[in-house]
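Quick note: to get my numbering, add 386 to the position in the sequence shown (first position is 1). For glycine and all other residues, C-beta sits at the position ideal for the given N, C-alpha and C. In this text, all values refer to a predicted model and were calculated from it rather than measured experimentally.
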Amino acid sequence: MSRVRTRPTRDDTRDKLFEAAARVFEADGIGGASIEAIAAAAGFTRGAFYSNFKSKDELIIAMLEEHVEQSIRRNMDILAQHDNLDDFIAALKAMDRTRQDPLGRSPLLHMEMILFVARAEKRRPELAKRLRARRRLVADIIEATSKSNGKNSNLNPPWMASVVLALEDGFRLHRLIDPETTPADSFLRAITDLRRRTGLASRQDATS
Numbered sequence: 387m388s389r390v391r392t393r394p395t396r397d398d399t400r401d402k403l404f405e406a407a408a409r410v411f412e413a414d415g416i417g418g419a420s421i422e423a424i425a426a427a428a429g430f431t432r433g434a435f436y437s438n439f440k441s442k443d444e445l446i447i448a449m450l451e452e453h454v455e456q457s458i459r460r461n462m463d464i465l466a467q468h469d470n471l472d473d474f475i476a477a478l479k480a481m482d483r484t485r486q487d488p489l490g491r492s493p494l495l496h497m498e499m500i501l502f503v504a505r506a507e508k509r510r511p512e513l514a515k516r517l518r519a520r521r522r523l524v525a526d527i528i529e530a531t532s533k534s535n536g537k538n539s540n541l542n543p544p545w546m547a548s549v550v551l552a553l554e555d556g557f558r559l560h561r562l563i564d565p566e567t568t569p570a571d572s573f574l575r576a577i578t579d580l581r582r583r584t585g586l587a588s589r590q591d592a593t594s
């Protein structure tokens, strides 16, 4: 009896192209990576690449979009299980990062791709759209966890979200430049300090 061959779905093909592109970008640099090399690394033809993306720029933007969407889903899943801020942060620390998308596993590549897109003014609105989505996510988390903690603060969640993301991006950059003096948990430690100073911490936590 002959075996039925199943063709990869569009999502499977895109995922393989994302993984292959990450490897090629890291090896050859984003500017030096060719579409042919990316397709070959994924085990596809040039035609298969163009059936999914019109250009390398479109591939990169799609990778950034997928990264943000995965981050949103992951954080909302954690929030659904842990609406207490202490528990939420602990779950983030314990998260299995090996199952993340290529950009989640490689902060350096993530930042390189953001800079690559940002260099062209016409592409910046795509970055802005994803930044706003990240801000909304963090603002929702701040609002949900503050309500769970019984805090009726005057915090502005959207503004606090901007502060949190600036901290995250800043510590990610510092970690890349000087990992010896920037521990891997620097961002989450900073969030703990920040919430103590903004009244989001529990009374016991704030006096410890």
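To the nearest angstrom, report how far apart Asp591 and Arg582 are at their CA atoms. What you label residue 591 is simply residue 205 of the sequence shown in a count that begins at 1. What you label residue 582 is simply residue 196 of the sequence shown in a count that begins at 1. Only weak support exists for where Asp591 lies, its pLDDT of 46 falling under 50; the value from the coordinates is given anyway. Taking the straight line from one Cα to the other gives about 7 Å.
For Ala477, which residues of its own chain have a beta-carbon under 6 Å away from its beta-carbon, when the five flanking residues on both sides are left out? Here residue 477 refers to the residue found at position 91 of the sequence shown. So the qualifying residues of the chain are Ile464, His468.
What's the C-alpha gap between Thr395 and Arg521? Locating residue 395 in the sequence shown gives position 9, counting from the first residue. Locating residue 521 in the sequence shown gives position 135, counting from the first residue. Spanning the two alpha carbons is a distance of roughly 32 Å.
From Asp443, Met462, His560, residue whose alpha carbon lies closest to that of Phe474: Numbered from 1 along the sequence shown, position 88 holds the residue referred to as residue 474. Selected option, being the one with the closest Cα: Met462.
DSSP state of Gly438, grouped into three classes? On the sequence shown, position 52 is the one that residue 438 refers to. Note on residue identity: the sequence assigns Asn, not Gly, to residue 438. Asn438 falls in the coil class under three-state DSSP.
Close beta carbons around Val390, own chain, < 8 Å, minus the five adjacent residues each side: As a first step, residue 390 is located in the sequence shown; it is residue number 4 there, counting from the start. With a pLDDT of only 40 at Val390, under the threshold of 50, the placement of this residue in the model should not be trusted; the figure read from the coordinates follows. Contacts found: none.
Top-ranked residue by Cα proximity to Glu451, from Ile528, Thr578, Arg400, Ala576: The residue you call residue 451 lines up with position 65 of the sequence shown. When only C-alpha atoms are compared, the closest one is Arg400.
Within 10 angstroms of the Cβ of Arg516, are there 16 or more other Cβ atoms? Answer buried if so, exposed if not. Counting from one through the sequence shown, the residue named residue 516 turns up at place 130. Counting Cβ neighbours within 10 Å, Arg516 comes out buried, since at least 16 surround it.
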